[in-house]
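Reviewing the structure listed below.
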Amino acid sequence: MSAFNRRHHHTRAIRIDAYERDDGLWDFEARLTDVKSVDFRLASGLRPANKPVHDMLLTLTIDRALNIVAAHAQSMAVPYPGHCDTIGPAYEQLVGLNVMRGFRESVKARLGGSAGCTHLTELATMLPTAVIQAYAGVVLDTRDASAAEEQSVQPFQLDRCHALRTDAPAVREFYPRWYRAPKP
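According to this note's numbering, the sequence shown is numbered sequentially starting from 41.
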């Protein structure tokens, strides 16, 4: 670790929980908290140590085709009560978006800057990869390598990250049918 003495000042925690509902939809709850370990003076007053400066929850309901069918934002702790906590209804603009087709760009266009809350918008942009992880093997077919060899459709996860590029050694090893040699 560091040779310097350090004093902790701040913790940001982000948690995303996925819930499969009995109606076939999924609820994704993304929560962001900021807590200072020291008293923190804001224009709105003193925030005592260990009391959240931010505690925000963004809940999206998503169908199996990755479309957002409901959105709700709630701010339980904010630096400027009566002001920051009024933006929640704006996040209903996420309804109709697909989390895998231009989602982050659409979120920024609709809710970036003063059109939204920096923290809630940041939470929204984190959701696509969390949705994919939750849907993997349940909604999305992420077949193991042996099953993938028998299928005619490329596994969903290929070409979605560096390690699983179709020209990568991992694909050559675990998904040889889908491996494509790198172009010189």
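We treat Cβ as the ideally placed atom computed from N, Cα and C, and that holds for glycine. Computed from a predicted model, the values in this text were never measured in an experiment.
Residue i in three-state terms, based on DSSP
i, result
"K26", "It is not possible to answer for residue 26, since the shown part of the chain is limited to 41 through 224."
"M116", "strand"
"K223", "coil"
"L163", "helix"
"F80", "strand"
"F143", "helix"
"G153", "helix"
"D207", "coil"
"G177", "coil"
"D199", "coil"
Contact under 7 Å by Cβ, residue i with residue j
i, j, result
"R152", "A130", "Just to set this straight, residue 152 is Gly in the shown sequence, not Arg. Going by C-beta atoms, G152 is not nearer than 7 Å to A130."
"L106", "V78", "no"
"I108", "V135", "yes"
"G128", "A117", "no"
"L98", "A70", "yes"
"P222", "D207", "yes"
"M96", "S115", "yes"
"L100", "A89", "no"
Bridge partners - residue i, DSSP secondary structure assignment
i, result
"V75", "T51, P92"
"N138", "N107"
"T169", "Looking at the DSSP assignment, T169 forms no beta bridge with any residue, so it has no partner."
"W218", "DSSP lists no partner for W218."
"Y131", "Note: Y131 sits in no beta bridge, so no partner."
"T126", "Per DSSP, none; premise fails for T126."
Three or more C-beta pairs below 8 Å linking the stretch 141–153 and the stretch 165–177: Three or more Cβ pairs closer than 8 Å define a contact, and the stretch 141–153 meets that threshold against the stretch 165–177.
Three or more C-beta pairs below 8 Å linking the stretch 73–92 and the stretch 44–55: Segments in contact, yes.
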